[in-house]
Each structure stands twice: as C-alpha cells, then as structure tokens.
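Undergrad:
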Amino acid sequence: MLKTLINAWNIKDIRTRMLFTLLLIVVYRFGSFIPVPFVDAAQLSAAASQYDILGFLNLLSGGNFSQFTIFAMGISPYITGSIIIQLLTIAIPSLERMSKEEDGRQKIERITRYTGIGLALVQSIGIVRGLGTNVVTTTAWYAYATIGIVCTAGTAFLVWMGERITDKGVGNGVSMIIFASICSQVPQTIVAIFSGVFVIASYQWWILPVLLIFVVLVIAAVVLVDRAVRRIPVQYAKRVVGRKMYGGMNTNLPIKVLMSGVMPIIFANAFTSLPNTLSLIFPSWENAVKTYFSPSSPKWGWIYVLVNFLLIIAFAYFYISISFNPVEVANNLKKNGGTILGYRPGKPTADYIQKVLNRITLIGAFFLSFMAIFPILMSWTNYGSFRTLIFGGTTIIIIVGVALDTTRDLESEITMRHYKGFL
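Counting from 0, one number per residue, gives the positions in the sequence shown under numbering that gives the first Met the number 0.
1. Return the first residue and the last residue of the beta strand (DSSP E) that R229 is part of.
2. What do you reckon, are the CB atoms on G400 and V261 nearer than 7 Å?
3. Residues in its own chain within less than 6 Å of L409 by CB, not counting five upstream and five downstream?
4. Going by the DSSP bridge assignment, what does I254 pair with across the sheet?
5. Nearest to V158 by CA position, among Y141, I189, S174, is which residue?
6. To which residues does DSSP link V38 through a beta bridge?
7. Going by other Cβ atoms of all chains shown within 10 Å of its Cβ, with 16 needed for buried, is Q187 buried or exposed?
8. Could you spell out the range, first to last residue, of the alpha helix (DSSP H) harbouring S183?
9. Which term fits P208, buried or exposed, when burial requires 16 or more other beta carbons within 10 angstroms of its beta carbon?
10. How many angstroms separate the CA atom of L1 from the CA atom of P253?
11. What first and last residue would you give for the alpha helix (DSSP H) that runs through V328?
12. Is the separation between the beta-carbon of I78 and that of A269 shorter than 7 Å?
13. When you compare each of A349, K167, V288, L309 to D12 by their alpha carbons, which one comes out closest?
14. For the region 146-154 against the region 121-130, are there 3 or more C-beta pairs whose distance is under 8 Å?
15. Check for me: the alpha helix (DSSP H) holding T111 runs from which residue to which?
16. Residue range of the alpha helix (DSSP H) that Q85 falls in?
17. Using 8 Å as the threshold, is the region 61-74 in touch with the region 33-40, meaning 3 or more CB pairs across them?
18. Taking DSSP as the reference, what is the three-state secondary structure of G337?
19. Compare the Cα-Cα distances from P232 to each of M248, I218, L403, A220 and report the closest residue.
20. In the DSSP assignment, what residue or residues form a beta bridge with N249?
21. Whether or not the region 79-95 and the region 288-304 are in contact is what I'm after, with contact meaning three or more pairs of Cβ atoms, one per stretch, closer than 8 Å; do they touch?
22. Between the alpha carbons of L310 and F317, how many angstroms are there, rounded?
23. Measure the CB-CB distance between T348 and I339 and report whether it falls below 7 Å.
24. For F29 and L216, I'd like the C-alpha separation in whole angstroms.
25. By the 10 Å Cβ neighbour count, where 16 or more other Cβ atoms means buried, how is Y27 classified, buried or exposed?
26. Below 7 Å between beta carbons: does that hold for T372 and V256?
27. Buried or exposed for G383, please, with buried defined as at least 16 other CB atoms from any protein chain shown within 10 angstroms of its CB.
28. Rounded to the nearest angstrom, what separates M258 and D225 at their Cα positions?
29. Identify, in the order they occur along the chain, each residue of the same chain with its Cβ nearer than 7 Å to the Cβ of V169, setting aside the five sequence neighbours on each side.
30. According to the neighbour-count rule (16 or more other Cβ atoms, all chains shown, within 10 Å of its Cβ), is E101 buried or exposed?
31. Rounded to whole angstroms, what's the CA-CA distance from E327 to A402? Just pull it up for me.
32. Alpha helix (DSSP H) containing T20: first to last residue?
33. Should P282 be labelled buried (16 or more other beta-carbon atoms within 10 Å of its own) or exposed?
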C-alpha cells in the first residue's frame, strides 16, 4: 500500500487528485469546530450517551454529533435516503425504467440527494427535541428552525463534498468522508484506553494486548476475505475477422467474496437507527425501544443483534443484485464467443453464475454480520472492558475496506497512465 501511494504521488495528475481529496477532508475537519447555535453541547452529549445508536451516529460523524457542530448529522441521512430510493426503484416500475437511462439516473441521483437533505432536517430537529429542553438554550420556535437549517446545510455540504471527491479526487466520496470521520476518533480512543489502564485504573492491564491482538486479527481477516476471489473458468472460441483470428484462449471470470464492501453494514445500521430516532421524536416509545430494541438490553438485546445480523445479510444480497447482473454478463460472454465449460451460452450460463454468486455472497455476508455483532456479544460478558469494542469490528472493517478500495483505485489510475507497459 505504501509503495502504491509513493508511485501515485510521483504522477502529477494523480498527485493533484490526492491533494484535492486531502484539501476537502481538511475543510471537513475545520467545519467540525463550528458549533450549532442554541445547543448546549455538554448537556446534549450527556443525554445522547444513554442511546447506543447515537454513539454510532457520533462515530460516523467523527465526533461532530457529541459536539453538535454544523456537521452533526454527518453523511448518514444521505445514506439512508439512498437506501430508500434504491428500494423504491425495485418496487416502482417507472423508477426502474428511469434507472436504466442516462438522464433517468441523473434524476434519481437528484431525488436521492433531496431525500437525504430532507431526512437531515427531520432527524436534527427530532433528535434535539426528543433529548429534552435542557439541551437547548431556548425553546423558542426560531431556535429549532435554526438548528434544523444549519444541520441540513452541513449535510448538504458533505453530500456536495462527497460528489466532488468522487469526480475529481481519489476513491468514493461518501466512503472517504466516513473514513476520515472514523480515523479522527482513533487518537482519542487510544488516549482513553491508555488513560483507563494507567491513570484511573478502570481497565485491567491485559486489555492492551487483547485489544492489539483483536485489531491485528480483524485486519488480517478483512484483508484475507476482501482479496478472496472465486474464479470461474471461461473459454473463448476462435473466430476470424477479416484476415485476423481472435479468441481461442482460456481466462476466468472473477467474483469477489466481499463484492459489496462495507455498504451492507452501513445500510443495516441506518435501518436499525430508525426506531431510536423515532423514540426521540415520540418520547412515549422510548421505554419500549430501550427494552426491546437496544444492544445493551440485558433481556431482549438479542432481538437487536438478530435483526442487525439478518439486515446485513439481506443488504449484502440487495447490493449485489443492483451492482452485478448475471444475465448481462452471460449475454456479453455469448456475444464475444465465451463459454463456461459444461454450460450452454445464455440462460444456463446466467443461472450458473447466479448460483455461484449466491454462495459467495452468503460467505461474505456471514463474515460481515459476525464482525458487526461480535463486539456486542462480548459486551454482554462479565468483562466490562470489552464494552469499549461495541463498534470496534464495524470500525475496523470500514477503515480497512476503504483503504483497500482506495489503493485499488490508485493502482488502476497508475496502470492507465503507464502506456509504455502496453507497448
């Protein structure tokens, strides 16, 4: 990875894209020090600490939520809006037809953008209102209006920033913002752990080697699974075009185990956050949500774990269904004279690819689900120190996944610009 970064930095065009990405991330972090008016950040942070899902929102926002800065809502409302629109695209035929056209896809992107911005407005006002009147300096209507407008503007700016990173920077813009948010919390977490061990003695000394071993094993497992590929052998028939002969070679069709990346975890957490958000808007639901849909519930916490586990698997298949089309792949193989040994071109080939894809996706989905819920399961044990890992597995998966994806993007950019290698 370090060698790839050095090689990319030596190419002027890629260096410009990298500097552009870093500049936007710096702007994002500067915005993390601009507070929202009419909000008492200390009181809000204390009230929000009672809700596990708000802790995850704070993690994805890079600590902006606990300080309630202009980026308090982060990019999460846009992700939730993207999920909603993608589900509606499957359910509504007109949206499905629109998604297959170039102009239609642009319209869907605008609809997704406006949906995410609208959700940011609702969530910001609903969360502040639901946490109680002590988190605001005044309960006047203009205070809540200002909070909603400022937080919505912050989310809209992050959406714009993510699109600019995708177009003119390096990697996926939304993933890079989440990556920067999580990485900004790493030093604070390390300091808190060392302080807990050596200063206030709230943790046992053995928590340090356990944490180190856990992180190393998770990183190794994520890298191993991320690079795992199922290769389907493909044979191309010989064909004559003019005076030249093409084909007659053997190759393979690679299918990644973690083709969906970290998106199923993000999608699942966006959905599991809805009951907690609604409980803040409707206080009468608060006790029910805390009792039956909270990972810290001593009796019914397994409901949250089971729902989260199943949602990650479901979203893994959902993401694959909208990003990989076996029928289209089979048709392309047929047009180019490619065949999978033992299967006729057309529908039999598509069915075989779909069967392999289902099995591979299941393995990747189970891995993501296990890594997401393992820290929660450990938090139920008698070792209270493991509660610090409640989001550890998800955090490491996101960091390593985004780092590997960005490295691959840089390698592709380097390959495209080394024309001498193809001569």
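C-beta atoms are modelled at their ideal positions from N, C-alpha and C, and glycine is treated no differently.
TA: Let's see:
1. 228-235 is the span of the beta strand (DSSP E), which, as asked, contains R229.
2. yes
3. T3, A7
4. Partner residues in the beta bridge of I254, as assigned by DSSP, are R229.
5. S174
6. V135
7. By the neighbour-count rule (16 or more Cβ atoms within 10 Å), Q187 is not buried but exposed.
8. Run containing S183: 172-197, per the alpha helix (DSSP H) assignment.
9. exposed
10. 26 Å
11. 325-334
12. In contact: I78 and A269 (Cβ atoms closer than 7 Å).
13. Out of A349, K167, V288, L309, the CA that lies nearest to the CA of D12 is found in K167.
14. yes
15. 101-129
16. 75-90
17. Contact between the region 61-74 and the region 33-40 is present, because at least three Cβ pairs lie under 8 Å.
18. DSSP places G337 in the strand class (E or B) of the three-state scheme.
19. M248
20. Within the DSSP secondary-structure output, N249 pairs in a beta bridge with Q234.
21. no
22. 10 Å
23. In this structure, I339 lies closer than 7 Å to T348 by Cβ.
24. 34 Å
25. buried
26. The sequence shown places Ile at residue 372, rather than the Thr named in the question. Taking 7 Å as the Cβ cut-off, I372 and V256 do not qualify as a contacting pair.
27. A caution first: G383 carries a pLDDT of 47, below 50, which makes its placement in the model too unreliable to give a value.
28. 8 Å
29. R16, M17, T20, T405, D408, L409
30. Exposed, by the Cβ-count rule.
31. 30 Å
32. 11-30
33. exposed
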